[in-house]
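For the record, in the sequence shown the residue sitting at position 46 is 45 according to numbering that gives the first Met the number 0, with numbers rising by one throughout.
In this text, a Cβ means the ideal position worked out from N, Cα and C, and glycines have one as well.
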Amino acid sequence: MDTWTRSYREAGPDPYGRLRVESADLGPARWLNERRPGFGDFGTVSGVAAPGFAAYARVLHPAALDDRPVRWDAVAAAYGRQVRALTDWHEVIGAERFYQNQGEYGLPGVWDEHPAEGPTPVGVARAVLPVLARHTRTPERCWFGLWEGYGRWEWEGVPTFPTPERDEILLSGPLADAVSPVGLDEFAELPDLWWPQDRAWCVGGDVDLVSTYVGGSEELVADLLAAPGLEAHRVTASDRVG
């Protein structure tokens, strides 16, 4: 059945937006695989955003009302709840963990769309970009990982590198081009992983998450927590993701 499905997918584009698809040397991603048992495990912050950083932040993907972003803390306040660093979205709205199966959802005047699952949404990415650029010496030389399992394109013959439970295609380009895949079409996924040549930080997301995780310096995380347009919380490397 999988073979039948894949046969109807288009070949993956190169470039992916303005990001180059790397098919020869995957060496720049090798450092991501240098994980000890319990250090960067699947389902943990450092398993998504790479281990070894001094600090980590969880950046929440906003909910929406009439296609406008809505912060989690605004939704939580409407329900008389609070958002903490490890709060899950279903806890904010008082739903079952697998809230996606609900036929009806929302709160009139507060929210009508769940936070986007998957890699960093475009609006969040655009707010994160200037912060990241201030905390690397190599913004013009960055690397990106795109999970090969997204169903839009077929990446047959393109080599991948492993991360916990995922196989990623390696992309390269300037940091500013991280959002360029939406030029292919509005539903094109942004890369799951971003890191600069100097490895000053790493951004990580996943198909099943409604948060993006960033590992880097204490100064970077402080900037993310204070950045306009972002709702972020400090987390630790071993915290679970959501």
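Just confirm the distance between the C-beta atoms of W193 and A177, as a whole number of angstroms; I'd bet it's less than 8 Å.
Right, their Cβ atoms sit about 6 Å apart.
Is it buried or exposed for A231, if we count other Cβ within 10 angstroms and need 16 for buried?
Buried is the call here.
According to DSSP, what are the bridge partners of A275?
With the chain covering 0 to 241 only, the question about residue 275 has no answer from this structure.
Can you check DSSP and say which residues form a bridge with V234?
DSSP lists Y55 as partners of V234.
Give me the Cα-Cα distance between A187 and D238, rounded to the nearest whole angstrom.
Cα-Cα distance, rounded: 29 Å.
How far does the alpha helix (DSSP H) with R125 in it reach, from first residue to last?
121 to 132 is the span of the alpha helix (DSSP H), which, as asked, contains R125.
Starting from the C-beta of T4, find all residues in its chain whose C-beta is less than 6 Å away, skip the five residues before and the five after it, and write them out in chain order.
Model confidence at T4 stands at a pLDDT of 41, short of 50, so the residue's coordinates are unreliable and nothing is read from them.
Could you name the residues of the same chain whose beta carbon sits closer than 6 Å to that of P14, not counting the 5 residues immediately before and after it, in chain order?
Taken in chain order, the list of residues that qualify is empty.
For the beta strand (DSSP E) containing E167, name the first residue and the last one.
Run containing E167: 165 to 172, per the beta strand (DSSP E) assignment.
Whose C-alpha, out of R19, F52, A56, is nearest the C-alpha of I168?
Looking at the Cα atoms, R19 is the closest of the given residues.
Could you pull out every residue in the same chain whose Cβ sits closer than 7 Å to the Cβ of Q81, ignoring the five residues on either side in sequence?
Excluding positions up to five away in sequence, the list reads A75.
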